[in-house]
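Numbering follows UniProt numbering, in which position 218 of the sequence shown is assigned residue number 218; successive positions increment by one, without gaps. Even glycine gets a Cβ: it sits at the ideal position worked out from N, Cα and C.
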Amino acid sequence: MSLELTRVPRQLPLHHNHTLKVSLHKGKPSPKISIYLAFSVSSSRSSKLQTPHRRREPKEPIFVFSSSSSVHQCHNYHIKKMTVVIDKHNVLVGTFFAFLILYILRQNIWKREKNSKRITLKIQNDSAVSVLRHENGGGFSSADDVIVVGAGVAGAALAYTLGKDGRRVHVIERDLKEPDRIVGELLQPGGYIKLIELGLQDCVEEIDAQRVLGYALFKDGKNTKLSYPLEKFHTDVSGRSFHNGRFIQRMREKAATLPNVRLEQGTVTSLLEEDGTVKGVQYKTKDGQELKAYAPLTIVCDGCFSNLRRSLCNPKVDVPSCFVGLILENCQLPFENHGHVILADPSPILFYPISSTEVRCLVDVPGQKVPSIANGEMANYLKNMVAPQIPSELRNAFISAIDKGNIRTMPNRSMPAEAHPTPGALLMGDAFNMRHPLTGGGMTVALSDIVVLRDLLKPLRDLNDAASLTKYLESFYTLRKPVASTINTLAGALYKVFSASSDDARKEMREACFDYLSLGGNFSAGPVALLSGLNPRPLSLVLHFFAVAVYGVGRLLLPFPSPKGMWIGVRLISSASGIIFPIIKAEGVRQMFFPATIPAVYRAPPVD
Numbered sequence: 001m002s003l004e005l006t007r008v009p010r011q012l013p014l015h016h017n018h019t020l021k022v023s024l025h026k027g028k029p030s031p032k033i034s035i036y037l038a039f040s041v042s043s044s045r046s047s048k049l050q051t052p053h054r055r056r057e058p059k060e061p062i063f064v065f066s067s068s069s070s071v072h073q074c075h076n077y078h079i080k081k082m083t084v085v086i087d088k089h090n091v092l093v094g095t096f097f098a099f100l101i102l103y104i105l106r107q108n109i110w111k112r113e114k115n116s117k118r119i120t121l122k123i124q125n126d127s128a129v130s131v132l133r134h135e136n137g138g139g140f141s142s143a144d145d146v147i148v149v150g151a152g153v154a155g156a157a158l159a160y161t162l163g164k165d166g167r168r169v170h171v172i173e174r175d176l177k178e179p180d181r182i183v184g185e186l187l188q189p190g191g192y193i194k195l196i197e198l199g200l201q202d203c204v205e206e207i208d209a210q211r212v213l214g215y216a217l218f219k220d221g222k223n224t225k226l227s228y229p230l231e232k233f234h235t236d237v238s239g240r241s242f243h244n245g246r247f248i249q250r251m252r253e254k255a256a257t258l259p260n261v262r263l264e265q266g267t268v269t270s271l272l273e274e275d276g277t278v279k280g281v282q283y284k285t286k287d288g289q290e291l292k293a294y295a296p297l298t299i300v301c302d303g304c305f306s307n308l309r310r311s312l313c314n315p316k317v318d319v320p321s322c323f324v325g326l327i328l329e330n331c332q333l334p335f336e337n338h339g340h341v342i343l344a345d346p347s348p349i350l351f352y353p354i355s356s357t358e359v360r361c362l363v364d365v366p367g368q369k370v371p372s373i374a375n376g377e378m379a380n381y382l383k384n385m386v387a388p389q390i391p392s393e394l395r396n397a398f399i400s401a402i403d404k405g406n407i408r409t410m411p412n413r414s415m416p417a418e419a420h421p422t423p424g425a426l427l428m429g430d431a432f433n434m435r436h437p438l439t440g441g442g443m444t445v446a447l448s449d450i451v452v453l454r455d456l457l458k459p460l461r462d463l464n465d466a467a468s469l470t471k472y473l474e475s476f477y478t479l480r481k482p483v484a485s486t487i488n489t490l491a492g493a494l495y496k497v498f499s500a501s502s503d504d505a506r507k508e509m510r511e512a513c514f515d516y517l518s519l520g521g522n523f524s525a526g527p528v529a530l531l532s533g534l535n536p537r538p539l540s541l542v543l544h545f546f547a548v549a550v551y552g553v554g555r556l557l558l559p560f561p562s563p564k565g566m567w568i569g570v571r572l573i574s575s576a577s578g579i580i581f582p583i584i585k586a587e588g589v590r591q592m593f594f595p596a597t598i599p600a601v602y603r604a605p606p607v608d
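Written out as structure tokens, the structure is:
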């Protein structure tokens with residue numbers, strides 16, 4: 001038997017499904033065996049190519065070799081993905097050439113794979129959620145797991161928390177210099193406990209933060225002290241008050257110590273969306289360069305003045321009043337380490353320490369317009385309308401602060417959290433939910449939300465499946481409710497109760513609230529536990545609120561009921577209902593009181 005091997009110089013592309021076909025052609029002087037290569041082409045390469053698993057054969061053989069033997073019977077031998085049909089009487093020769101052909105083909109495939117490693121590939125997952133890229137004027141770099149927009153209290157704490165869990169976090173903050181604000185300076189005990197859970201408790205150290213043990217209420221020359229119920233805690237979990245900017249800088253510095261957290265100064269101008277899924281953000285650096293950043297999850301924490309929240313929800317922002325801020329220096333508060341609330345006319349005034357030598361004063365001015373600072377109207381208003389209602393121990397320091405002229409204003413915003421799940425994005429902090437700052441609960445809600453989100457994301461290694469992740473994170477909106485709804489409802493209700501009114505029923509409600517809290521025991525400890533975030537139970541809040549209303553009605557009817565007293569009592573109950581029920585409705589009755597009936601809370605994490 002004589003064999004002749006000829007290799008046709010035709011190069012054919014190799015793909016996944018290859019079949020070698022060996023055919024025998026009878027002829028003289030000897031039969032000729034031709035081997036062809038059939039292959040399938042994936043339909044994803046081009047719409048003009050063959051559909052998957054449809055084979056086509058080349059018009060000329062790749063290998064041609066002849067044999068003088070005759071063919072009697074054929075068998076199939078499978079080698080990898082190639083099928084060789086050979087003569088039964090020439091098994092050894094056929095096997096030898098089959099392995100020879102296999103070796104040549106494998107060498108060809110190996111060379112192609114080696115060359116392909118030199119080409120930059122754009123890797124994209126099946127759901128097209130995460131593209132491992134970071135475009136900079138058309139260039140690419142390694143991707144992040146999470147983009148955090150904003151590095152305030154919520155953003156900085158979130159960046160550190162996710163970074164500590166191993167996520168690659170890219171934080172984009174408009175201004176990385178120390179902020180100078182007149183709010184976000186009082187952290188309730190419930191918020192401090194969350195700070196401990198996140199491992200950020202050292203951020204209130206070395207900034208001259210002051211311990212806060214409770215509140216003192218002042219009304220018409222009377223006062224009462226309300227202490228936090230901290231007896232059950234073995235460690236010091238009292239509240240903390242401080243300069244907001246110092247606290248934020250400490251958290252930013254701690255987040256930046258993690259190698260997988262990157263802080264960058266820039267202004268995010270828009271979210272990048274494809275087919276309803278947020279893929280990342282477009283932002284402008286401090287040098288004015290327009291860049292894009294991509295990540296499977298973008299979390300917007302750009303504060304109360306957020307310019308991105310409209311892309312993720314339908315905000316219903318209310319501005320019931322404005323705060324006028326002053327700093328009193330070198331003065332002693334009547335009750336050391338306590339926040340002070342003066343039930344003034346027309347609305348409350350707050351005092352609390354922010355350092356060992358400074359006391360913050362916040363004067364609430366109803367409405368969205370405040371007297372002008374520039375032409376002196378504000379100074380006159382504070383001296384003539386506000387100063388006479390301030391305790392004598394603080395009055396001189398208050399007037400001195402006015403004379404120094406460092407008067408700041410800040411609108412007080414309220415916005416209920418509206419669940420609006422968006423694939424690839426999430427709202428957090430004041431960008432997502434706001435309440436009146438009278439009770440100082442904003443940071444407590446934000447830190448509590450971060451703990452909830454951390455626990456939900458911890459089992460997940462991959463965040464790329466945006467649809468599954470969004471469905472899974474729907475439980476976030478319910479799991480956050482105990483803390484958030486309690487503090488939000490109490491803040492809105494207390495502001496309305498503590499504000500002066502010409503209505504007799506509202507006056508009685510205000511008086512009843514002060515006297516109810518002055519009773520001590522559970523009458524004061526219960527509401528203070530709610531206010532401080534130590535007892536996040538919405539039902540307990542409603543019970544205490546209507547207990548105040550009933551207490552007020554009882555005062556009107558004792559010792560003997562009168563028609564006028566009965567009428568005011570009815571209006572008092574009606575007024576109390578009109579205050580709290582709209583707030584509860586905005587928060588969500590089912591989520592507040594019947595969270596177990598919401599299916600989302602039972603969803604398991606998506607399988608990676």
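Asked	Found
One or two residues paired with G239 in a DSSP bridge	V212
Beta carbon of L291 nearer than 8 Å to that of T285	yes
C-alpha gap between M592 and V601, whole angstroms	13 Å
Proximity below 8 Å, CB of F351 to CB of L382	no
Residue 615 - DSSP class collapsed to helix/strand/coil	With the chain represented from 1 up to 608, any question about residue 615 goes unanswered, as that position is not in the structure.
Where the alpha helix (DSSP H) containing T478 begins and where it ends	476-479
7 Å Cβ shell around L333 - same chain, five flanking residues per side excluded	H340, F351, P353, V359
C-alpha distance - L308 paired with P423, whole-angstrom precision	15 Å
Burial state of M378, where buried means 16 or more other Cβ atoms lie within 10 Å	buried
Residue interval of the alpha helix (DSSP H) (run including V452)	442-457
Option nearest G440 by Cα separation, candidates A157, R181, L186, N406	L186
Paired residues, beta bridge with V153 - DSSP	DSSP, once it has assigned bridges, lists no residue as partnering V153.
Inter-stretch contact (C-beta, 8 Å, three-pair minimum) for the region 362-377 and the region 217-235	no
Extent of the continuous beta strand (DSSP E) to which A425 belongs	425-427
Residue environment, P348, which counts as buried when at least 16 other CB atoms sit within 10 Å	buried
CA-to-CA distance, Q201 to T224, given in whole angstroms	30 Å
Limits of the beta strand (DSSP E) - the one that P366 falls within	358-366
Sheet register partners of N322 (DSSP bridge)	Reading the sequence as shown, one finds Cys at residue 322 and not Asn. V365, P411.
Element boundaries [beta strand (DSSP E), containing P353]	349-353
Rounded straight-line distance, which links the Cα of L162 to that of P606	18 Å
Given P482 as reference, the closest of R555, V548, V589 once Cα atoms are compared	V589
Residues of its chain near C331, where Cβ-Cβ distance is below 7 Å and the 5 sequence neighbours each way are ignored	V359, L394, A397
Coarse secondary structure for Q332, derived from DSSP in three states	coil
Extent of the continuous beta strand (DSSP E) run through N223	222-227
Near the ligand MN: M592 beta-carbon under 7 Å from a heavy atom	Annotation note on the ligand MN: not contained in the displayed structure, which lists no ligands.
Range of the contiguous alpha helix (DSSP H) that encloses A586	563-587
Neighbour-count burial assignment, F247, 16 or more Cβ in a 10 Å radius	buried
Alpha carbon of G190 to alpha carbon of P563, nearest angstrom	44 Å
Close-in-space but distant-in-sequence residues of the same chain around V171 (CB under 6 Å, 5 per side omitted)	V148, A151, A159, L263
S270 (DSSP reduced to helix, strand or coil)	strand
Within 8 Å, strictly: CB atoms of S355 and H243	yes
Straight-line Cα distance separating T470 from V183	32 Å
Nearest-angstrom Cα separation, counted from C513 out to I207	36 Å
Backbone CA spacing between D175 and T277 [nearest angstrom]	28 Å
CB-CB length for H436 against G492, believed under 8 Å	6 Å
N- and C-terminal bounds of the beta strand (DSSP E) containing K284	277-285
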